[in-house]
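The listed protein sequences correspond, in order, to chains A and B. Counting from 1, one number per residue, gives the positions in the first sequence under my numbering. Counting from 1, one number per residue, gives the positions in the second sequence under my numbering. Beta carbons: idealized from backbone N, C-alpha and C, even for Gly. Being a predicted model, the structure only gives us computed values, none of them experimental.
2 protein chains.
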Amino acid sequence: MSSWESYVRKVVPYVPGEQPQEQHMIKLNTNENPYPPAPGVIRALKEFDTDRLRLYPEPTCKVLVDAIAEYYGLKSSQVFVGVGSDDVLAMIFMTFFNSKTPVWFPDITYSFYDVWADMLRIPYEVKPLDENFQIVKEDYYGENGGVVFPNPNAPTGILMPLSEIEDIIQHNRNVIVVVDEAYIDFGGESALPLIEKYDNLLVVQTFSKSRSMAGMRIGYAMGNEKLIKYINDVKYSFNSYTMNQTALALGVEAIKDKAYFEETRQRVIATREWTKQELTKLGFSFGDSMSNFIFATHERVSAKELFEALKKEHIFVRYFSKERISNYLRISIGTKEEMEELIRFLKNYLQ
Amino acid sequence: MSSWESYVRKVVPYVPGEQPQEQHMIKLNTNENPYPPAPGVIRALKEFDTDRLRLYPEPTCKVLVDAIAEYYGLKSSQVFVGVGSDDVLAMIFMTFFNSKTPVWFPDITYSFYDVWADMLRIPYEVKPLDENFQIVKEDYYGENGGVVFPNPNAPTGILMPLSEIEDIIQHNRNVIVVVDEAYIDFGGESALPLIEKYDNLLVVQTFSKSRSMAGMRIGYAMGNEKLIKYINDVKYSFNSYTMNQTALALGVEAIKDKAYFEETRQRVIATREWTKQELTKLGFSFGDSMSNFIFATHERVSAKELFEALKKEHIFVRYFSKERISNYLRISIGTKEEMEELIRFLKNYLQ
């Protein structure tokens with residue numbers, strides 16, 4: 001072993017979810033939106049002045065920050081944008097989770113929280129969900145180094161009422177509370193209005209799901225000006241120019257089009273509710289998802305077996321070989337036609 | 001002060017260089033390429049299938065990594081790509097500079113090295129350039145936690161011969177040596193061939209300068225497979241999907257077009273040599289830049305005064321109010337016409 005190896009930051013290599021590149025497949029494994037981005041995005045790309053690519057992007061991401069702020073009725077100084085909500089969350093962990101006291105998050109949750117904590121040497125403690133996969137708010141009372149959880153939670157899809165979220169924030173006024181709302185647009189109530197009331201709250205959202213822009217990597221955090229400034233200070237010390245010019249230009253168009261957003265998210269919600277009914281008929285059970293996926297287990301056939309059988313049919317869903325959830329499948333909501341095909345296959349397979 | 005504030009990662013906020021958005025200006029302040037990206041880049045953008053934007057990018061960035069590897073005759077496992085060379089260098093600092101012994105770099109150099117070190121709590125020591133702004137290789141003998149320097153150096157533009165770089169690597173076999181070659185394509189000899197010989201060498205380059213793609217944020221590191229794997233492990237623990245779909249698609253086209261690359265870099269080099277002659281006639285002196293900028297001082301008029309006078313004329317150059325270099329201007333090489341206009345103004349101003 002070369003002696004420089006002793007100074008390498010050793011991490012448990014995170015394995016990103018499978019991104020099959022098949023031409024004909026039904027891709028229900030990474031919670032992407034089945035509909036293309038808003039028409040304005042497509043227009044902006046076609047009209048993009050490529051000569052400008054030789055120039056650095058504007059480092060404060062002003063056009064995009066302003067567009068997001070306007071959409072939510074915030075000041076621009078209350079918005080931070082990054083390269084997907086992963087970048088935003090990593091910057092938040094780095095900026096605010098520097099206490100020696102453990103950060104708290106659920107045992108079953110977004111799989112990156114413990115990865116960031118491990119990599120950044122942040123102590124953490126997981127709080128088990130109850131037997132119905134619900135977050136127990138009382139578990140988050142007490143001394144900690146920060147709190148982070150998704151709402152709706154992933155991969156369960158289960159939504160917490162806003163009153164319980166406020167209760168968690170009220171019990172944690174000395175640390176930063178991060179509500180990760182990647183899936184909030186599919187039926188949940190956002191904690192965003194609470195940022196005016198609580199200076200320790202950050203709400204994180206993304207363009208990857210409800211805005212159909214996973215391919216452009218755009219996430220954002222909203223909170224009081226002071227918190228946003230602290231994140232920006234760290235971001236500028238890491239990489240001043242994170243958002244490339246196309247992300248900025250296309251992002252503006254994606255957030256502007258309220259009508260298209262409303263139409264596509266309602267379609268996803270309607271398809272989800274239809275899929276829930278069909279899955280129930282087939283002997284699946286699941287928490288009442290308010291996201292763009294359903295986290296389901298079958299009364300008879302193992303999740304692992306179904307995962308493999310579906311894969312053979314070029315239908316990709318997500319399977320986690322992890323304690324407590326190893327008999328569940330996370331099924332993203334595709335188009336109605338895709339979900340009909342899924343149900344048709346399952347009906348046939350399970351009969 | 002709220003009590004969460006005591007756990008904030010306090011950094012000296014880095015102030016990114018000015019990005020004036022004026023319509024009619026001569027922008028010679030951030031070392032961008034005056035020529036647009038290769039024709040294939042423009043075509044790829046126009047033909048981009050926007051429906052795909054709803055999908056996550058391929059996380060290993062295979063198409064782009066393969067294209068870079070092919071260009072240099074490397075294996076794909078010897079190449080790492082990131083969101084500009086800033087992202088690549090930040091990941092390298094994070095991955096390899098975890099010793100308690102200080103990392104070494106020059107006193108006058110790329111202004112981000114100390115920012116990353118401060119932010120990541122990495123001890124460092126600067127090694128003063130000599131009176132001619134040259135790196136003294138013997139300064140880099142001895143126990144340290146890693147070595148990083150640009151070649152050509154920034155903002156001096158001065159190139160180090162490959163033999164001296166190899167000497168530094170040979171004297172630092174126990175740590176990682178990073179040669180930051182952002183400007184190497186403008187007349188320098190790359191240390192790339194040495195990666196086969198030294199397992200502790202990383203060579204970092206970028207699409208921002210010689211590839212005319214500052215707006216797309218693409219940087220890369222080349223080294224032996226083991227080093228690249230370590231960086232990837234950390235990167236996947238930070239953000240799995242850093243490069244958006246347009247960066248991947250356009251990046252491939254930018255690296256493929258050797259003829260266009262050759263043509264534009266030769267034009268920049270020719271304009272630089274012409275500008276050197278003209279600046280000398282006007283009473284400027286400077287090290288022999290092998291980059292796409294000239295770092296010059298005037299015999300009579302202060303850099304600060306010239307900077308302000310140029311700015312009034314909408315000619316933007318870079319001024320650093322920093323010890324040892326506060327009487328220098330860093331002037332990026334624009335088109336021949338832009339440089340003629342600069343010289344015309346200076347001639348008039350200095351007479």
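(request) From the DSSP output, read off the bridge partner residues of P106 (chain B). (result) Looking up residue 106 (chain B) in the second sequence gives position 106. DSSP lists B:K127 as partners of P106 (chain B).
(request) Quickly, what does DSSP pair F295 (chain B) with across the bridge? List them, please. (result) Counted from its first residue, the second sequence places residue 295 (chain B) at position 295. The bridge partners DSSP lists for F295 (chain B) are B:R330.
(message) Need the endpoints of the beta strand (DSSP E) that A221 (chain A) sits in, please.
(response) Mapped onto the first sequence, residue 221 (chain A) falls at position 221. 219 to 222 is the span of the beta strand (DSSP E), which, as asked, contains A221 (chain A).
(request) Can you give me the Cβ contacts of L74 (chain A) inside the same chain, cut-off strictly under 7 Å, excluding the 5 residues immediately before and after it? (result) As a first step, residue 74 (chain A) must be located in the first sequence, where it is residue number 74. These residues qualify, in order along the chain: M222.
(message) If you measure between the beta carbons of E225 (chain B) and L194 (chain B), is that distance less than 8 Å?
(response) Within the second sequence, the letter at position 225 stands for residue 225 (chain B). Within the second sequence, the letter at position 194 stands for residue 194 (chain B). It is not a contact, given that the beta carbons lie outside the stated cut-off.
(request) Over the uninterrupted alpha helix (DSSP H) stretch that includes G40 (chain B), give me the two end residues. (result) Within the second sequence, numbered from 1, the residue matching residue 40 (chain B) stands at position 40. 39 to 47 is the span of the alpha helix (DSSP H), which, as asked, contains G40 (chain B).
(request) Sort A:D66, A:G145, A:Q134, A:K322 by Cα distance to F286 (chain A) and report the nearest one. (result) For the purposes of this step, residue 286 (chain A) is taken as residue 286 along the first sequence, with counting starting at 1. That would be A:Q134, whose Cα lies nearest to the Cα of F286 (chain A).
(message) Below 8 Å on C-beta distance, what does R54 (chain B) contact in chain A?
(response) Counting from one through the second sequence, the residue named residue 54 (chain B) turns up at place 54. E32, N33, P34, Y35, P36, P37, S212, M213, A214, G215, listed in chain order.
(request) Following the continuous alpha helix (DSSP H) through D87 (chain A), name the residue where it begins and the one where it ends. (result) Start at 1 with the first residue of the first sequence, and residue 87 (chain A) comes out as number 87. It spans 84 to 96 - the alpha helix (DSSP H) in which D87 (chain A) sits, taken as one unbroken run.
(message) Quick check: the region 254 to 269 of chain B against the region 146 to 158 of chain B, are at least 3 beta-carbon pairs closer than 8 Å?
(response) No: fewer than three Cβ pairs fall under 8 Å.
(message) Any beta carbon of chain B sitting closer than 8 Å to that of A117 (chain A)?
(response) Counting from 1 along the first sequence, the entry for residue 117 (chain A) is found at position 117. No, because no Cβ of chain B sits closer than 8 Å to the Cβ of A117 (chain A).
(message) Could you tell me the alpha carbon to alpha carbon distance between K100 (chain A) and I122 (chain A), rounded to whole angstroms?
(response) Position 100 of the first sequence holds residue 100 (chain A). Position 122 of the first sequence holds residue 122 (chain A). Spanning the alpha carbons of K100 (chain A) and I122 (chain A) requires a straight line of approximately 8 Å.
(message) Residues in the same chain with beta-carbon distance under 7 Å from K347 (chain A), minus the five sequence neighbours each way, listed in chain order, please.
(response) Residue mapping note: residue 347 (chain A) aligns to position 347 of the first sequence, counting from 1. Closer than 7 Å at the Cβ level, and outside the excluded window around K347 (chain A), lie L282.
(message) To the nearest angstrom, how far is the alpha carbon of M243 (chain A) from that of E143 (chain B)?
(response) The residue given as residue 243 (chain A) occupies position 243 in the first sequence. The residue given as residue 143 (chain B) occupies position 143 in the second sequence. If I take the Cα positions, the gap works out to 38 Å.
(request) Identify each residue in the region 2 to 33 of chain A for which the Cβ-Cβ distance to at least one residue of chain B is less than 9 Å, and report them in chain order. (result) S2, S3, W4, E5, S6, Y7, V8, R9, K10, V11, V12, P13, Y14, V15, P16, G17, Q19, Q21, K27, T30, E32, N33
(request) Kindly list, in the order they appear in chain B, the residues whose Cβ is closer than 8 Å to that of L202 (chain A). (result) Locating residue 202 (chain A) in the first sequence gives position 202, counting from the first residue. Correct list: empty, because the minimum Cβ distance to chain B is about 11 Å.
(message) Distance check for V234 (chain B) and K353 (chain A), CA to CA, integer angstroms please.
(response) The displayed coordinates of chain A run from 1 to 351. Any statement about residue 353 (chain A) would go beyond what the structure contains.
(message) I'd like the span of the beta strand (DSSP E) that includes Q205 (chain A), first residue to last.
(response) For the purposes of this step, residue 205 (chain A) is taken as the residue at position 205 of the first sequence. Its beta strand (DSSP E) spans residues 201 to 206.
(request) Specify the secondary structure class of I122 (chain B) as computed by DSSP and reduced to three states. (result) Numbered from 1 along the second sequence, position 122 holds the residue referred to as residue 122 (chain B). I122 (chain B) falls in the coil class under three-state DSSP.
(message) With a threshold of 8 Å between beta-carbons, can A90 (chain A) be considered close to chain B, or not?
(response) Start at 1 with the first residue of the first sequence, and residue 90 (chain A) comes out as number 90. Output row for A90 (chain A): interface = yes.
(message) What does DSSP give as the partner residue(s) for I26 (chain A) in the beta ladder?
(response) Counting from 1 along the first sequence, the entry for residue 26 (chain A) is found at position 26. Partner(s): A:I315.
(request) Leaving out five residues on either side along the sequence, give the residues of the same chain with a beta carbon under 6 Å from the beta carbon of A191 (chain B). (result) Here residue 191 (chain B) is taken as the residue at index 191 of the second sequence, counted from 1. Cβ neighbours of A191 (chain B) beyond the five flanking positions: I165, V179, V203.
(message) Quick check on D180 (chain A): does DSSP put it in helix, strand or coil?
(response) Here residue 180 (chain A) refers to the residue found at position 180 when the first sequence is read from its first residue. Strand at D180 (chain A).
(request) With F345 (chain B) as the anchor, note down where its alpha helix (DSSP H) starts and where it stops. (result) To locate residue 345 (chain B), count along the second sequence from 1; it is residue 345. Run containing F345 (chain B): 336 to 350, per the alpha helix (DSSP H) assignment.
(request) Over the uninterrupted alpha helix (DSSP H) stretch that includes V65 (chain B), give me the two end residues. (result) Position 65 of the second sequence, counting from 1, holds the residue named residue 65 (chain B). Taken as a continuous stretch (DSSP letters only), the alpha helix (DSSP H) holding V65 (chain B) covers 62 to 72.
(request) Confirm, please, whether the CB-CB distance from T335 (chain B) to I231 (chain B) is below 8 Å. (result) One-based indexing of the second sequence puts residue 231 (chain B) at position 231. One-based indexing of the second sequence puts residue 335 (chain B) at position 335. No. Outside cutoff.
(request) Assuming S208 (chain B) contacts G84 (chain B) (C-beta within less than 8 Å), just tell me the rounded distance between them. (result) Numbered from its first residue, the second sequence carries residue 208 (chain B) at position 208. Numbered from its first residue, the second sequence carries residue 84 (chain B) at position 84. Sure, about 6 Å apart at Cβ, within 8 Å.
(message) Please state whether the Cβ-Cβ distance between G82 (chain A) and G251 (chain A) is less than 8 Å.
(response) Here the question's residue 82 (chain A) lines up with position 82 in the first sequence. Here the question's residue 251 (chain A) lines up with position 251 in the first sequence. Their beta carbons are not under 8 Å apart, which means G82 (chain A) does not touch G251 (chain A) by this criterion.
(request) Taking the CB atoms as reference points, tell me whether V103 (chain A) and F97 (chain A) lie closer together than 8 Å. (result) In the first sequence, residue 103 (chain A) corresponds to position 103, counting from 1. In the first sequence, residue 97 (chain A) corresponds to position 97, counting from 1. In contact: V103 (chain A) and F97 (chain A) (Cβ atoms closer than 8 Å).
(request) Could you round the C-beta distance between P13 (chain A) and Y56 (chain B) to whole angstroms and report it? I think they count as a contact, below 8 Å. (result) To locate residue 13 (chain A), count along the first sequence from 1; it is residue 13. To locate residue 56 (chain B), count along the second sequence from 1; it is residue 56. With a Cβ gap of about 19 Å, P13 (chain A) and Y56 (chain B) do not count as contacting.
(message) Can you tell me whether P193 (chain A) is helix, strand or coil according to DSSP?
(response) As a working mapping, residue 193 (chain A) is identified with position 193 in the first sequence. P193 (chain A): helix per DSSP, three-state reduction.
(message) the ligand PLP and V81 (chain A): does any heavy atom of the ligand fall closer than 7 Å to the residue's C-beta?
(response) In the structure on display, the ligand PLP does not appear, and there are no ligands present to speak of.
(request) Using only alpha-carbon positions, find the residue among A:L201, A:T264, A:D199 that is nearest to F186 (chain A). (result) In the first sequence, residue 186 (chain A) corresponds to position 186, counting from 1. Considering only alpha carbons, the answer is A:T264.
(request) Note the first and the last residue of the continuous beta strand (DSSP E) segment covering S285 (chain A). (result) Taking the first sequence and counting its residues from 1, the one referred to as residue 285 (chain A) is at position 285. That run of the beta strand (DSSP E) goes 284 to 286.
(request) Pick helix, strand or coil for V234 (chain B), following the three-state DSSP scheme. (result) Working through the second sequence from its first residue, we reach residue 234 (chain B) at position 234. Collapsing the DSSP output to three states places V234 (chain B) in a helix.
(message) If contacts are defined as beta-carbon pairs under 8 Å, then G145 (chain B) and V126 (chain B) qualify, I think. What distance do you get, rounded to the angstrom?
(response) For the purposes of this step, residue 145 (chain B) is taken as residue 145 along the second sequence, with counting starting at 1. For the purposes of this step, residue 126 (chain B) is taken as residue 126 along the second sequence, with counting starting at 1. So it is not a contact: roughly 13 Å between Cβ atoms.
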